[in-house]
Amino acid sequence: HHHTPIVVVGNLNRKLDHIDMDHVGFLRRPIKPANLFETIVALINQNDISKPAPVLNPAQKVQTVHGSEKPLRILLVEDNAVNRKVATRMLQRFGYSAIHAENGAQAISILQEHPFDLVFMDVQMPVMDGITATTIIRAELAPERQPYIVAMTANALKGDRERCLTAGMNAYISKPVRLPELEQVLTNTPTLEIPELDDDIGDNAGEFSMMPHNDTTSPINFAELEEMIGEDAFDLLAELAEIFIEQAQDQISELRVAINEDDAGRVREWAHSLKGSSASIAATQLSASCASLEMDARNGDLSQAHARLHQIESEYARVQNALQPHLP
704 HHHTPIVVVG NLNRKLDHID MDHVGFLRRP IKPANLFETI VALINQNDIS
754 KPAPVLNPAQ KVQTVHGSEK PLRILLVEDN AVNRKVATRM LQRFGYSAIH
804 AENGAQAISI LQEHPFDLVF MDVQMPVMDG ITATTIIRAE LAPERQPYIV
854 AMTANALKGD RERCLTAGMN AYISKPVRLP ELEQVLTNTP TLEIPELDDD
904 IGDNAGEFSM MPHNDTTSPI NFAELEEMIG EDAFDLLAEL AEIFIEQAQD
954 QISELRVAIN EDDAGRVREW AHSLKGSSAS IAATQLSASC ASLEMDARNG
1004 DLSQAHARLH QIESEYARVQ NALQPHLP
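Residue 704 is where the sequence shown starts when you use the numbering used here, and the numbers rise one by one after that.
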């Protein structure tokens, strides 16, 4: 009586009572060639011998993806300097570095020059948005040069996801990006067979917790920020604070001009931009106020705009005070 070995892939939630469990191997997704090979060898070997061998279960150690074991060439396409910084920092936590582009047009010219395995593509950008860029990349790059493209969007609008996938994106994550989602993407990204581009990744600085945790009234959610950039990120927080303040002042004055000129389209763009950088430094209230203004402008209603701007300015002042001690 000869058993056919069975390999179960994915999560084993249902009990498989009808199967002789001695001849089953389990594989977690994503499947690593080495695990697959070991499982098959173990099952075939135990099949030759009549006594049942223990079931091989390579789920002992949950494998976190890491740049040293799975090198990926990553292009980060994002027009917002604060968001770029945060995303870069999060990638570094998994041992990855990234090349930057500030809009879709830049991304296309970089991709024409160099192969990349993975592209993080902001959806809303000036010059050329992420969806247009993706459509062009899918149409123009050779099949073996096609990267895995992941949409990053702060708008959880209905239809957004569909538009991204229709344009040829492979996956979709919402901003501000969370570490588990990022890890999932890095794990799922297939690597291209084209060699080239070898980047060193800088070491992380010493490990200290930099964040005052228990202050619930703080305009910045430090616990959330720490989850995004890591608790040892003194240098990074200083840099982020500096870029954020510099950028936010411009964004707010552009907003003021757009509101005075009654230009709903520009109000929407600047509110969206400030909403994004605020979310990236976990300035939750400020980000929410910007989101309300963005929503109003999207609906062509600027009747509350001056009041909302006032709210944004006072909220920003609080954020600036909270960041002051962390400035370089």
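Think of the CB as a built atom: it goes at the ideal place given N, C-alpha and C, for glycine as much as any other residue.
Here's a check: name, in chain order, each residue in its chain whose Cβ is nearer than 7 angstroms to the Cβ of A951, leaving out the five neighbours to either side.
For A951, where only same-chain residues beyond five positions count, the Cβ hits under 7 angstroms are L977, S980, Y1019.
Which two residues bound the contiguous beta strand (DSSP E) that contains I777?
777-780 is the span of the beta strand (DSSP E), which, as asked, contains I777.
Nearest to S771 by CA position, among I802, R959, Q795, is which residue?
Here the closest residue by C-alpha is Q795.
By the three-class DSSP mapping on this structure, what secondary structure does D751 have?
For D751, the predicted structure reports a pLDDT of 48, less than 50, and the residue's modelled location is therefore unreliable. A value from the coordinates is still provided. Of the three classes helix, strand and coil, the one that applies to D751 here is helix, per DSSP.
Consult DSSP for Y875 and reduce its assignment to one of helix, strand or coil.
Strand.
Just verifying my parser: in three-state terms, what is the DSSP assignment at F797?
Looking at F797 - three-state DSSP - the assignment turns out to be coil, as it is neither helix nor strand.
Does DSSP put D832 in a helix, in a strand, or in coil?
Coil.
Could you have a look at L1012 and say whether DSSP puts it in helix, strand or coil?
Three-state result, L1012: helix.
Could you tell me the alpha carbon to alpha carbon distance between G862 and G968, rounded to whole angstroms?
Spanning the two alpha carbons is a distance of roughly 20 angstroms.
Is the stretch 994-1003 touching the stretch 960-974 in the sense that three or more CB pairs, one from each, lie closer than 8 angstroms?
In short, these stretches touch, since the Cβ pair count reaches three.
Within 10 angstroms of its Cβ, does L778 collect 16 or more other Cβ (buried), or is it exposed?
L778 should be labelled buried.
Short of 6 angstroms in beta carbon distance, which residues of its chain neighbour C867, apart from the five on each side in sequence? Order them along the chain.
Only A854, Y875 meet the Cβ criterion.
Is the beta carbon of A784 less than 8 angstroms from the beta carbon of I1015?
Contact: no.
When you compare only the Cα positions, how much space is there between V1022 and A986?
The alpha-carbon atoms of V1022 and A986 are separated by roughly 7 angstroms.
Going by beta carbon distance, what residues of the same chain come within less than 8 angstroms of D965, once the five residues before and after it are set aside?
Cβ within range, chain order: L1005.
Return the CA-CA distance between P841 and Q1007, expressed in angstroms with no decimal places.
Pro is not the amino acid found at residue 841; the sequence shown has Arg there. Roughly 42 angstroms between the two C-alpha positions.
From A982 to I709, what distance separates their C-alpha atoms?
Their backbone Cα atoms lie some 47 angstroms apart in a straight line.
Provide the residue span of the alpha helix (DSSP H) that contains F925, from first to last.
That run of the alpha helix (DSSP H) goes 925-932.
Which value, in whole angstroms, describes the spacing of the CA atoms of A1025 and L939?
For A1025 and L939, the distance between alpha carbons rounds to 16 angstroms.
Whose C-beta lies closer than 7 angstroms to the C-beta of E930 among residues of the same chain, with five residues either side of it excluded?
Once the five neighbours on either side are set aside, the close Cβ partners of E930 are L882.
Starting from the C-beta of F797, find all residues in its chain whose C-beta is less than 8 angstroms away, skip the five residues before and the five after it, and write them out in chain order.
Within the same chain, F797 has close Cβ partners T767, V768, H769, G770, L885, E886, L889.
So D669 and P850 are supposed to be a Cβ contact under 8 angstroms. How far apart are they, rounded?
Residue 669 lies beyond the residue range present for the chain, which begins at 704 and ends at 1031; the question has no answer from this structure.
When DSSP labels each residue in this structure, what does E805 get in the three-state scheme?
Of the three classes helix, strand and coil, the one that applies to E805 here is coil, per DSSP.
Hey, would you say T856 sits closer than 8 angstroms to Q827, going by beta carbons?
Their beta carbons are under 8 angstroms apart, which means T856 touches Q827 by this criterion.
The alpha helix (DSSP H) with D999 in it runs from where to where?
From DSSP, the alpha helix (DSSP H) with D999 extends over 987-1001.
State yes or no: is the C-beta of A941 within less than 8 angstroms of the C-beta of R792?
No; because the gap between Cβ atoms is not below 8 angstroms, this pair is not in contact.
Which same chain residues, not among the five before or five after P774, have their C-beta less than 8 angstroms away from its C-beta?
Here the set comprises T894.
Along the chain, where does the alpha helix (DSSP H) that runs through V970 open and close?
Run containing V970: 967-983, per the alpha helix (DSSP H) assignment.
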